[in-house]
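The opening position of the sequence shown corresponds to residue 0 in numbering that gives the first Met the number 0, with each subsequent residue numbered one higher.
Input: a single structure, listed below in structure tokens.
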Amino acid sequence: MEQEEIISGLMQPVPRISPKYFYDQLGSKLFEAITRLPEYYPTRTEKALLEQQAADIKRLVGEVNTVIEPGAGNVEKARMLCQILQPKYFVGVDISAEVLKDGIDRLRHAQPTLDARAVIADLTNRLDLPEDIPMARRLVFYPGSSIGNYDPPQALEWLHRARSWVDATGGLLIGVDLPKEVAVLEAAYDDAAGTTARFNRNILAHVNTVIGSDFDPSQWSHRAFFNPVASRIEMHLQAEEGQRVRWPGGGREFAHGERIHTENSYKYALPVFMTMLREAGFAQVNTWTDERGWYALLYAQP
Ligand code: AVJ
């Protein structure tokens with residue numbers, strides 16, 4: 000299934016690999032390193048927003064029974080939110096089992112009264128939560144501007160699904176990266192230390208282990224640029240030389256300079272995103288932004 004998805008992407012006229020394949024063990028580590036880069040502002044801006052607005056968030060969100068975090072990764076961000084909101088349950092969902100389980104263990108340690116669960120699932124499929132988690136007073140937490148990886152129609156679909164995970168007493172707390180000066184955006188995805196380049200190339204090493212291909216990551220260079228028409232950062236891998244890549248049952252010729260599209264990271268203007276939330280069934284929306292107006296946290300209620 001995974002294999003078929005990857006191979007079909009590689010065989011397209013414009014070849015692509017889904018960004019979910021960035022996150023093997025090394026890829027997850029490289030992403031953590033990205034979040035600490037001086038150029039990569041989203042993580043620290045969001046963290047500062049959560050810290051600075053903690054009291055206001057607590058006041059608006061009120062009593063929460065369960066925090067659900069799709070794509071929880073190392074569960075670093077949920078820790079602070081759970082401290083602020085003091086829910087009974089936390090459910091972290093991710094495809095990367097090891098990173099998630101370690102994160103959940105650390106969360107249990109830090110907050111022994113919290114009932115924290117790990118659900119290993121691919122979020123492009125449907126989400127099955129443990130059956131004993133009540134429907135009332137759920138908060139879906141989707142930080143990090145992860146929503147930016149989806150094309151707008153899929154992002155809207157995702158918001159509809161998040162709406163279906165909560166009832167009228169629930170809500171969604173979501174982080175969104177906003178449009179800003181192109182130089183700032185592009186530096187965040189093409190850092191001086193080359194960490195994002197390594198992260199991008201590592202997708203080929205991961206693909207090699209999944210489909211048995213013989214990609215040579217050193218033959219591919221990192222490309223990241225802002226596409227103003229689509230309002231998104233695009234990441235690609237560009238072939239340094241013409242080459243043939245093989246895998247069991249097939250292969251493909253890549254021309255010199257040909258690109259594999261590996262990621263989109265959409266930057267939504269606040270009013271645009273608020274319209275999407277309303278369309279997905281969230282009638283009331285509160286927002287917080289940092290003083291530079293680079294990043295937003297939104298609390299959306301049905
Ligand atoms: C995890 C999707 C939010 O788009 O900023 C960071 C991934 N890619 N640097 C982002 C990413 C390159 C990140 N998200």
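Cβ atoms here follow ideal geometry from the backbone N, Cα and C, with glycine treated the same way.
A quick note: this is a predicted structure, and the numbers were derived from the prediction, not measured.
If the criterion is Cβ atoms closer than 7 Å, does the pair PHE89 and LEU113 meet it? Contact: yes.
Contacts around ALA167, its chain only, beta-carbon distance under 6 Å, and the 5 residues preceding and following it disregarded: Result list for ALA167: PRO301, in chain order.
Given the structure, does THR195 come close to ligand 1, in the sense that its CB is under 6 Å from one of the ligand's heavy atoms? Judged by the Cβ position, THR195 qualifies as a neighbour of ligand 1 at the 6 Å threshold, a heavy atom of the ligand being closer than this.
Going by the CB atoms, is the gap between ARG137 and THR65 shorter than 7 Å? In this structure, THR65 places its C-beta atom within 7 Å of the C-beta atom of ARG137.
Tell me, which residues are paired with ASP272 by DSSP? In the sequence as displayed, the identity of residue 272 is Phe instead of Asp. According to DSSP, PHE272 bridges with nothing at all.
Simplified DSSP state of VAL175, which is helix, strand or coil: In the displayed model, VAL175 falls within a strand according to three-state DSSP.
Short check: CB of GLU3 to CB of ALA186, under 7 Å? Judged by beta-carbon spacing, ALA186 lies beyond the 7 Å limit of GLU3, meaning their Cβ atoms are not closer than that value.
Indicate whether the contact test is met: 3 or more Cβ pairs, each with one atom in the stretch 201-220 and one in the stretch 64-81, closer than 8 Å. Short answer: they don't touch.
Going by DSSP in three states, GLY91 sits in which element: helix, strand or coil? In this structure, GLY91 counts as strand in the three-state DSSP scheme.
Contact check, MET234 vs THR261 under 8 Å by CB: the rounded distance? Your pair MET234 and THR261 checks out as a contact, with CB atoms roughly 5 Å apart and the cut at 8 Å.
Limits of the alpha helix (DSSP H) - the one that ALA71 falls within: DSSP places ALA71 in no alpha helix (DSSP H); its state is neither H nor E.
Output yes or no for whether 7 Å exceeds the beta carbon distance between LEU177 and TRP293. Contact: yes.
Alpha helix (DSSP H) runs contained entirely in the stretch 82-163, provided each spans 4 or more residues: Within the stretch 82-163, the complete alpha helix (DSSP H) runs of at least 4 residues are 96-109 and 151-163.
Check this for me: beta carbons of VAL74 and GLY91, under 7 Å apart or not? Closer than 7 Å, so yes.
Measure the Cβ-Cβ separation of GLU240 and SER220 and say whether it is below 7 Å. Contact flag unset, no.
Could you check whether SER144 and VAL175 sit closer than 7 Å to each other, using their CB atoms as the reference points? Their beta carbons are under 7 Å apart, which means VAL175 touches SER144 by this criterion.
Cβ neighbours of ALA120 in the same chain (closer than 8 Å, five flanking residues each side left out): Result list for ALA120: VAL92, ASP93, ILE94, LEU126 and ASP127, in chain order.
Among the residues of its own chain, which have a CB less than 8 Å from the CB of MET275, if the five just before and after it don't count? Setting aside the 5 residues that flank it on each side, MET275 is surrounded in the same chain by PRO151, ALA154, LEU155, LEU158 and TYR267, each with a C-beta closer than 8 Å to its C-beta; the list follows chain order.
Can you check which of these residues, MET0, GLU257 and GLN283, is closest to LEU172 by C-alpha distance? If you compare the alpha carbons of MET0, GLU257 and GLN283 with that of LEU172, the shortest gap goes to GLN283.
Between SER230 and ligand 1, is there a pair consisting of the residue's CB and a ligand heavy atom that are separated by less than 6 Å? Because no heavy atom of ligand 1 lies under 6 Å away, the Cβ of SER230 does not count as near it: no.
With a 10 Å radius around its C-beta and 16 neighbouring C-beta atoms as the bar for buried, classify THR42 as buried or exposed. By the 16-neighbour rule on beta-carbons within 10 angstroms, THR42 is buried.
Measure the beta-carbon distance from GLN242 to ARG222 and round it to whole angstroms, keeping in mind my assumption that it falls under 8 Å. Rounded, the Cβ-Cβ distance is 17 Å, inconsistent with contact.
Proximity winner among ALA117, GLN110, GLY169 and PRO111, relative to VAL139 (alpha-carbon distances): Minimum Cα distance to VAL139 is reached at GLY169.
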